[in-house]
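Before any comments, here is the structure.
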Amino acid sequence: MANPYTNPYEAIAGREISSTFEGRHVNIEETRLRHPDHTDPVTGDDFVRKGDPVAFFDGVGVALKTATALTDSIPVDTEGVWRLSVTNTGINTFGDITVGQVLYIDAFGVIYDEWSTSYAIFGYALEPIADPGQGAPITQVIAVKVHWMWPWWYYTSSAPPWGV
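In our numbering, each number is its position in the sequence shown, counted from 1, plus 340.
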């Protein structure tokens, strides 16, 4: 599928091309999305599903449609507050995931608190998750403020801005 934003006949400066809500929805081809694994045991496909957290290069959001083919154009909401599964690894500096804490997404579509192995910044926790201590990581469904942003410090530093 061609890029839905490329249209040589509409190359007019100042014309809005966003889908809705002032550009917070973007259309990305399924093959470009990082998302949770949903491998179908019968067909073997692993398509994105509606409600999945997704990443595409530095972009992040929530899929608004389930794909049926690799070439499907998937609308992605890049802002908003969503209930999503979040994992507290216990590795983060604070132990607990606290309200307002930055969350990350990895290449497998998992949202969590550990920055060094993440794919992109995903957004912010709006509910806490307790420190798992020395046990296994804790995964809970919590409210997350999804926010696609330029992660300036993520690429210019070997450590997060709060130190380690």
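Ideal Cβ placement from N, Cα and C applies to all residues, glycine included.
Here T479 carries a strand assignment [DSSP, helix/strand/coil]. Per DSSP, reduced to three states, the secondary structure at E467 is coil, with no helix or strand assignment.
Fully contained in the stretch 356-430 are the following beta strand (DSSP E) runs of length 3 or more, in chain order: 365-369, 393-396, 399-403, 413-417, 419-428.
Within its own chain, the residues whose Cβ lies closer than 6 Å to the Cβ of T406, once the five positions on either side in sequence are excluded, are R389, K390, listed in chain order.
Counting of Cβ neighbours within 10 angstroms places L410 among the exposed residues, the total staying below 16. The beta carbon of T379 lies closer than 6 Å to those of D386 in the same chain, with the five residues before and after it left out.
When C-alpha distances from L404 are compared across G449, P393, F397, the shortest belongs to P393. In the assembly as shown, G401 is a buried residue. Its beta-carbon has 16 or more other beta-carbons within 10 Å. Straight through space, the alpha carbons of D417 and H365 are spaced by roughly 5 Å. With contacts defined as CB atoms closer than 9 Å, P468 and Y452 fail to qualify as a contacting pair.
In the DSSP annotation of this structure, the continuous segment of the beta strand (DSSP E) that includes I445 starts and ends at 442-445. Rounded to the nearest angstrom, the gap between the Cα atoms of F396 and D446 is 11 Å. Taking G430 as reference, the option from V486, G473, V481, F448 with the minimal CA-CA separation is G473.
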